[in-house]
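Before any comments, here is the structure.
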Amino acid sequence: MQAGLAGVSGTVCGKTGVLAVFHERDILLKMPLFINNEKVQLFNTTVKLFRSYPLLKDSAKVFRDRLPETAVDTKCLLYVKQREFAATTPSDCSVTVIGSDDATTCHIVVLRHTGSGATCLAHCDGSSTWSEVPLIVKAVRSLTKSAEEGRLELHLFGGFDDERHNSHKLSLNLLAFNKQNEDIHLETCCITELNDIVVEGIHRPVVYGIGVNVKTGEVFPATFSLRGPEDDLRSARTFTGGQMADVYDSSRELVTIGPCKWSPNLDIDFWLAQDDETILQYMSTSPQVEPPHFVSHMKATIQFLLENPNSEALFPGGAPRFYQRTSEGVWERQAAC
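Residues 778 to 1114, numbered by the numbering used here, are exactly what the sequence shown covers, in order.
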């Protein structure tokens, strides 16, 4: 799922020039990535990468064969939305699974250190990939002692062989991991062509959502019944152009949201009168393959923005909102910390 304000913000993958895809796919990149302990030196397209390393195809097939998705118990879940990331360690008493879904041209990234078990999950849409990758690496490294044995392992999911080539662009951009000062081992690469299936003549993703068990490191296809806390507020932040945000303080085991800012004069109420097909065509980079709740989700986000035109009122004193997991497993809002 990828949507932006009236589809014209230019910050969302698929709303910028498609020709850039082909230029980026022709650039040779040096990578400190390892596949099966072999250092990957050069590639210029995802197709060539997959042909050169058939192990990637094999691991993607193994992952796809784990379908159908596991329904994750919300009482142990930390849900990550589009343009968000969260990181924690196995000692976390509030979170067992970090997860995200609704990825069509979006990609879901999991980076884990095998020594410390520190794990980060991010939901990337191509808005600013080159600046987001260092945040993911830093999030894991900050939770890992420098002397810790182990290695960084990367798992990539999402995208499909879409006609606008947005997935291809994001797949290659995410290999900005090749620019980090770390050895990173690519373990799973279920992206773009390797996450594509044709149904009734239409290309679509095979896997839309994944979860990672932060206690064991297991990564699995997943689906989620709840996407909170504050689903509408967090969606409004992304809808109005908010950039990648860290939504979890693992040291205090608190979900943290905001502060967010948007214009009080958004001219968006007319969208609520549009039919489903119009909303799909203008608010999605992949209108034919969105999950069934896409339109209702967009309308709920727009309604939230109309009911809350003054974003500053949601964050008194410019302080974030904090949420702590209760004994019943619910994220409950706390007083400012």
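Backbone N, C-alpha and C fix where the C-beta goes; we use that ideal spot for every residue, glycine too.
Shown here for Ala1013: same chain residues with a beta carbon closer than 6 Å to its own, the five before and five after excluded, namely Thr1078, Phe1081 and Leu1082 in chain order. Contact annotation, Ser836 with Cys966: C-beta distance approximately 7 Å; criterion of less than 8 Å satisfied.
Leu844 carries a coil assignment under DSSP once its states are collapsed to helix, strand and coil. Closest in alpha carbon position to Pro1097, among Glu1105, Asn1085, Ala1113 and Trp1108, is Ala1113.
Put simply, the backbone Cα of Ala863 is about 22 Å away from that of Phe840. Between the alpha carbons of Asn958 and Cys883 lies a gap of roughly 25 Å.
Remark: C-beta atoms of Thr823 and Glu970 approach each other more closely than 8 Å.
Secondary structure within the segment 896-936: the beta strand (DSSP E) runs of 3 or more consecutive residues, fully enclosed, are 896-901 and 929-935 (chain order).
For the options Gly1018, Trp1108, Leu929 and Arg1102, the alpha carbon positioned closest to that of Asp960 is the one of Leu929. According to DSSP, Thr1000 shares a beta bridge with Ala848. Per DSSP, the unbroken beta strand (DSSP E) holding Gln1111 starts and ends at Trp1108 to Gln1111.
Distance from the CA of Gln1058 to the CA of Lys922, rounded to the nearest whole angstrom, comes to 47 Å. Distance from the CA atom of Asn950 to the CA atom of Trp907, rounded to whole angstroms, is 7 Å.
The beta carbon of Val975 lies closer than 8 Å to those of Arg981 in the same chain, with the five residues before and after it left out. With contact defined as three or more Cβ pairs closer than 8 Å, the segment 1085-1099 and the segment 1032-1042 are in contact. From the listed residues Thr896, Phe811, Ala1090 and Val984, the smallest Cα separation to Tyr830 is found for Phe811. A straight line joining the alpha-carbon of Gln1065 with that of Glu940 spans about 11 Å. Membership of Gln1080 in the alpha helix (DSSP H) is indicated by the continuous run Phe1071 to Glu1084.
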